[in-house]
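One structure is given here, and the rest of the page talks about it.
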Amino acid sequence: MIPTDYTYPSVYFAYLFFALMFGLAVYFFFKTRREGYWGGKDGEEVKYQMFEDDETHRRTP
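The working numbering puts the first residue of the sequence shown at 1037, with every later residue one more than the last.
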């Protein structure tokens, strides 16, 4: 008899997907931590770099 219960494959797929997403989150966390985005004196320099490099001036209507 062929099993017709499709619950197990979908549950396994969901757990595999959650594990994959968790693994990617941990990977990118450690990658950004190694490159210095989490603290330190230069931690938020990237955030303000856009405002310092912006030379456009707004015109008042």
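We put the beta carbon where it would ideally sit given N, CA and C, even for glycine.
(1) Can you give me the C-alpha to C-alpha distance between Phe1053 and Gly1059, rounded to a whole angstrom?
(2) In the structure shown, what three-state DSSP assignment does Tyr1048 receive?
(3) In whole angstroms, what separates the C-alpha of Phe1049 from that of Arg1070?
So, from the listed chains and residues:
(1) Phe1053 and Gly1059 have their C-alpha atoms spaced approximately 10 Å apart.
(2) helix
(3) 31 Å
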